[in-house]
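Enquirer:
Numbering (my numbering), first residue to last: 171 to 544.
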């Protein structure tokens with residue numbers, strides 16, 4: 171059977187996942203190969219260098235640079251506290267002394283005999299890396315991090331904002347096309363990842379923030395609400411590092427878009443289960459998609475590297491339309507004509523025929539769809 175290849179988003183009840191959990195710079199790995207870890211467990215830690223604070227001692231003491239060494243009271247590597255005496259001149263008859271005291275708590279980085287410059291460094295900043303998913307450590311990268319593997323239900327979103335977070339799935343709508351009212355969000359939603367149906371309005375997001383919701387999973391979102399929430403247009407930037415207290419994963423696209431039935435059903439089936447989600451999205455130079463990961467029970471024997479498989483278009487393949495006028499709609503491929511077909515722009519392209527979930531049949535360029543992988 172002929173196959174055509176197209177990018178796709180994965181929605182599946184069972185997949186083996188491998189996650190690299192790496193420190194930003196070398197440090198200490200706290201677990202070993204074979205250890206079982208929870209998503210919240212710290213698996214590696216390090217300390218980032220603190221901010222450097224320069225002081226021109228020769229100017230402050232009113233002396234030449236080559237004289238600084240005579241009056242310095244500290245040495246490189248020494249820990250100091252704020253207001254500790256750093257340098258002091260002898261003055262005249264014990265009077266009129268010039269003193270320099272530390273403006274910070276930290277350590278002495280360097281003293282230059284040539285420039286008379288002193289460099290202090292603020293305390294190091296502890297940084298740790300968590301497992302993010304429940305699973306087993308299958309490999310340790312010395313001084314850098316680990317690889318964690320598990321078996322999960324898994325959904326890739328089309329867009330997201332906010333970093334990694336963990337919470338139980340709570341479905342607040344009765345159907346994938348429903349739109350959640352902010353009044354439905356109450357204290358029972360605190361620390362949960364809520365499912366809002368076809369749209370997460372600005373009012374819903376604000377109420378979720380107020381209550382302490384960890385994450386929102388929605389079919390669609392209005393880009394104007396995003397700008398209102400963040401205070402700026404996202405454009406084509408990498409997302410996932412926004413300074414907000416919530417993570418939002420959009421499964422279908424912008425605007426009010428019914429959540430795919432398969433996605434909704436999967437989330438409904440796993441309501442009450444722990445999930446790990448993030449909103450990291452990058453379209454260019456290495457694609458990253460937001461993820462919803464719901465760990466399931468597994469045995470060690472079930473784990474193993476899955477063979478990479480390119481998504482392919484075949485009769486019966488589930489697809490999502492990614493261009494207007496049917497943007498965001500889900501359907502199944504019914505035919506893959508081999509002949510090139512002219513489109514509105516008079517360009518000859520390969521097309522496919524599909525039946526959408528509402529029964530509508532369409533003919534569309536293959537480049538205007540993406541596969542929803544099973």
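Glycine residues also receive a C-beta, built at the ideal position from the N, C-alpha and C atoms.
1) Could you check if residue 197 is buried or exposed, using at least 16 other CB atoms within 10 Å of its CB as the buried criterion?
2) Could you name the residues of the same chain whose beta carbon sits closer than 7 Å to that of residue 228, not counting the 5 residues immediately before and after it, in chain order?
3) Could you check the C-alpha separation between residue 434 and residue 510 for me, to the nearest Å?
4) Please report the residue range of the beta strand (DSSP E) in which residue 214 lies.
5) What is the DSSP secondary structure of residue 538, counted as helix, strand or coil?
6) What number of angstroms, rounded off, separates the C-alpha of residue 219 from the C-alpha of residue 331?
7) Using the three-state DSSP reduction, which class does residue 184 fall into: helix, strand or coil?
8) Which first and last residues belong to the alpha helix (DSSP H) in which residue 433 is found?
9) Can you grab the Cα-Cα spacing for the pair residue 251 / residue 281, in whole Å?
10) Considering only their Cβ atoms, is the gap separating residue 187 from residue 459 smaller than 8 Å?
11) Short of 7 Å in beta carbon distance, which residues of its chain neighbour residue 269, apart from the five on each side in sequence? Order them along the chain.
12) Report yes or no: do the stretch 362-381 and the stretch 389-403 share at least 3 C-beta pairs separated by less than 8 Å?
13) So who's on the other strand from residue 448, going by DSSP bridges?
14) I need the DSSP call for residue 314, collapsed to helix, strand or coil.
15) In terms of residues, what are the limits of the beta strand (DSSP E) holding residue 298?
16) For residue 267, which residues from the same chain have a beta carbon less than 8 Å from its beta carbon, with the 5 sequence-adjacent residues on both sides left out?
Expert: Taking the structure as given:
1) Residue environment analysis places residue 197 among the buried positions, since at least 16 neighbouring C-beta atoms fall within 10 angstroms of its C-beta.
2) Once the five neighbours on either side are set aside, the close Cβ partners of residue 228 are 234, 235, 238, 286.
3) Residue 434 and residue 510: Cα-Cα distance of roughly 36 Å.
4) It spans 212-218 - the beta strand (DSSP E) in which residue 214 sits, taken as one unbroken run.
5) If DSSP states are grouped into helix, strand and coil, residue 538 belongs with the helices.
6) Approximately 28 Å between the Cα atoms of the pair.
7) DSSP places residue 184 within a strand segment (E or B) once states are collapsed to three.
8) Per DSSP, the continuous alpha helix (DSSP H) segment holding residue 433 begins and ends at 431-439.
9) Using only the alpha carbons, I get a separation of about 17 Å.
10) With contacts defined as CB atoms closer than 8 Å, residue 459 and residue 187 fail to qualify as a contacting pair.
11) Setting aside the 5 residues that flank it on each side, residue 269 is surrounded in the same chain by 255, 258, each with a C-beta closer than 7 Å to its C-beta; the list follows chain order.
12) Touching, yes.
13) Checking the DSSP bridge columns, you'll see residue 448 partnered with 461.
14) In this structure, residue 314 counts as coil in the three-state DSSP scheme.
15) In the DSSP annotation of this structure, the continuous segment of the beta strand (DSSP E) that includes residue 298 starts and ends at 295-300.
16) Excluding residues within five positions, the ones whose Cβ falls inside 8 Å are 258, 259, 260, 261.
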